[in-house]
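Q:
Written out as structure tokens, the structure reads:
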């Protein structure tokens, strides 16, 4: 946690709030956008998030028979892609702290006929309810930035991985080209909240989500946090000029 967190506050977007309140406030945001979550991601990424997610899973190294934990599983996009790859002999646990988001994911996957080999667990990424060395792969896509104590969550991801297992983090990150940053900021802070108001009647949640991206650790800082958590061979790959990045680490 950062210095402010040690003093009893943390960031909620650009606001400082008591540590104990952040989980509730983030929960309210995602309860509000649960049914429009895909729309939210489409508005934030101009639809490219679907390509990012396929690339994320396609390069994950997951194989048939693996047991995978997908944290902040949202509406089940990543879990569905993982499920295709682990096959009947594997399994995917979809975990999310928000009951509404978890319910949306379960309903969507069930409607697609995806039942076997899928589990759903409401959980806090900072205190995972699984034994040590339970999974071959742990993923979290567009969720780590909403966790209050990111270092603790990374430590938990490391703990529940088997030796040789891999953790993958897909997250909005720091845009690299200097010339593109003003354009991206304009979209994030001027366009996105207005689109949220227009399409979801919820400008505030979209404003928070834009702010949360700016407060998330940039690429090299997050890589260092993964190394602090114990991961080896840590690396990251920027996608779309750094709008998001895939971070990778192994339990060696």
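Numbering (this note's numbering), first residue to last: 1073 to 1324.
Where is the CB? At the ideal position from N, CA and C, for every residue including glycine.
In three-state terms, what does DSSP make of residue 1249?
A: coil
Q: State buried or exposed for residue 1250, treating a residue as buried only when at least 16 other CB atoms are found within 10 Å of its CB.
A: exposed
Q: Could you give the DSSP three-state label for residue 1144: helix, strand or coil?
A: Here residue 1144 sits in coil by DSSP.
Q: Taking 9 Å as the cut-off, decide whether the C-beta atoms of residue 1278 and residue 1304 are in contact.
A: no
Q: Using CA coordinates, which residue listed in 1298, 1290, 1324 is at the minimum distance from residue 1310?
A: Minimum Cα distance to residue 1310 is reached at 1290.
Q: Sort out for me which residues DSSP pairs residue 1090 with in a bridge.
A: 1081
Q: Let me know the alpha helix (DSSP H) ranges lying completely inside the region 1259 to 1293, each 4 residues or longer, listed in chain order.
A: 1264 to 1272, 1275 to 1287
Q: Does residue 1258 pass the burial test, meaning 16 or more other C-beta atoms within 10 Å, or should it be called exposed?
A: exposed
Q: Beta-carbon within less than 7 Å of residue 1161's beta-carbon, same chain only, minus the 5 sequence neighbours each way: which residues are those?
A: Closer than 7 Å at Cβ, skipping near neighbours: 1136, 1137.
Q: For residue 1280, which option in 1266, 1192, 1193 has the closest C-alpha, if you only look at C-alpha atoms?
A: Check the Cα spacing between residue 1280 and each of 1266, 1192, 1193: the tightest is with 1266.
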